[in-house]
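Trainee:
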Amino acid sequence: MTSYAVDNVTSDASAYPAVALTIAGSEATGGAGAQADLKTFQELGVFGIANLTCIVSFDPKDNWNHRFVPVDQQVIADQLEATTAAYGPASGAPSVLDTVKIGMLGSPATISTVAEALADSAFRNVVLDPVLICKGQEPGHALDTDQALKAQILPLATFVTPNHFEAESLSGLEITDVESLKAAAVRIHELSGAAVLAKGGVRLAGPDAVDVYYDGETLEVLSAPKVGEVAVSGAGCSLAAAVTAELAKGATPLEAARAAKDFVTAGIRNRVASGAPFDALWQGGPR
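All the letters of the sequence shown, read from the start, carry residue numbers 1 to 287 under the numbering used here.
#1: Considering only residues of the same chain and omitting the five flanking positions on each side of L154, which have a CB-CB separation below 6 Å?
#2: By Cβ distance, which residues of its chain are closer than 7 Å to Q152, with the 5 residues on each side in sequence left out?
#3: Do you know offhand how far A34's Cα is from L197's?
#4: Taking buried to mean at least 16 other C-beta atoms within 10 Å of its own C-beta, is T218 buried or exposed?
#5: How many Å lie between N63 and T29 at the Cα?
#6: Between which two residues does the beta strand (DSSP E) holding S107 run?
#7: CB L173 to CB A235, shorter than 9 Å?
#8: Does the Cβ-Cβ distance between I102 and V71 come in under 9 Å?
#9: So, with DSSP's three-state summary, where would you put Y213?
#10: DSSP beta-bridge partners for G201?
#11: Hey, could you find the ends of the beta strand (DSSP E) V126 is sitting in?
#12: Does N51 pass the burial test, meaning 16 or more other C-beta atoms within 10 Å, or should it be called exposed?
#13: I need the DSSP call for K226, collapsed to helix, strand or coil.
#14: Check whether the Cβ atoms of A32 and C237 lie closer than 9 Å to each other.
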């Protein structure tokens, strides 16, 4: 191992980068999940930490569907304990960890473990990318997981970034146009108290990818010309991670939403192609 001499180590907290945590799954191709979050944090000048909840790998032999392996609950709790001890308010660290992004959790047990840690840690900013997995109301693991997320994690969130399907599920409203997307954002805020960035993306008709921000006072439509008509892997993860990074640096929620929209639009425009049947957002696109 190579060691490097470091001179003039500063004790000035303002000289250290902001710190942000993502609690999310690992996605093997690097396009989404914790990998996308960490790349986004790095691009935006934030020291990123990842605590893994599951391992996800696409199966090229089965139409690239997901293969999901959960991380043991004790291992998740151990990661969170180590992270908060190193960077939490009681750690003495010059840059205090007070901002977290929640991504793929994947099971009621993991949701309970993470909810307990969030309640104990008193994060100032909790950005929830509400990864909902149940497409109907059939009893089973998927529905149980989504209901647990809504009951245990959503009330702890300060900022929520649902996609089209998730916004419909959380709000109970059908979203067919910008006006119904606005109504869904308002409804989700009323249910959670969080700032909401509801993503229409490529799902709504028209030349622009439209998202709606609402925080109880300000309602703003964020739009950019569509870059193709197909969703790009990692766009939702990176949007929520960019919001997280900007909040960690001290931005207001609306400022964070605007910056995240610009960041992701540039990343989609400079997407990365592979042998998979989908492209991935490139976090270096805004350079």
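Glycine included, every Cβ here is placed at the ideal spot set by N, Cα and C.
Since this is a predicted model, take the numbers as computed values, not measurements.
Mentor: Straight from the coordinates:
#1: Within the sequence shown, numbered from 1, the residue matching residue 154 stands at position 154. Closer than 6 Å at the Cβ level, and outside the excluded window around L154, lie S192.
#2: By 1-based counting over the sequence shown, the position of residue 152 is 152. So the qualifying residues of the chain are I111, S112 and A115.
#3: As a working mapping, residue 34 is identified with position 34 in the sequence shown. As a working mapping, residue 197 is identified with position 197 in the sequence shown. Approximately 20 Å, taken between the alpha carbons.
#4: As a first step, residue 218 is located in the sequence shown; it is residue number 218 there, counting from the start. That one is exposed.
#5: The count along the sequence shown starts at 1 and reaches residue 63 at position 63. The count along the sequence shown starts at 1 and reaches residue 29 at position 29. Distance between the alpha carbons of N63 and T29: 15 Å.
#6: Position 107 of the sequence shown holds residue 107. Element bounds for S107: n/a, residue is neither H nor E.
#7: Reading the sequence shown from its first residue, position 173 is the one you call residue 173. Reading the sequence shown from its first residue, position 235 is the one you call residue 235. Cβ atoms of L173 and A235: not closer than 9 Å.
#8: Taking the sequence shown and counting its residues from 1, one reaches residue 102 at position 102. Taking the sequence shown and counting its residues from 1, one reaches residue 71 at position 71. Result no, Cβ atoms of I102 and V71 do not sit closer than 9 Å.
#9: Here the question's residue 213 lines up with position 213 in the sequence shown. Note: Y213 maps to strand in three-state DSSP.
#10: Mapped onto the sequence shown, residue 201 falls at position 201. The partner list for G201 (beta bridge, DSSP) reads V210.
#11: Indexing the sequence shown from 1 puts residue 126 at position 126. Note, V126: beta strand (DSSP E), N125 to L128.
#12: By 1-based counting over the sequence shown, the position of residue 51 is 51. Buried is the call here.
#13: Taking the sequence shown and counting its residues from 1, one reaches residue 226 at position 226. Three-state DSSP puts K226 in coil, outside helix and strand.
#14: For the purposes of this step, residue 32 is identified with residue 32 of the sequence shown, where counting begins at 1. For the purposes of this step, residue 237 is identified with residue 237 of the sequence shown, where counting begins at 1. Yes, these two residues count as a Cβ contact at 9 Å.
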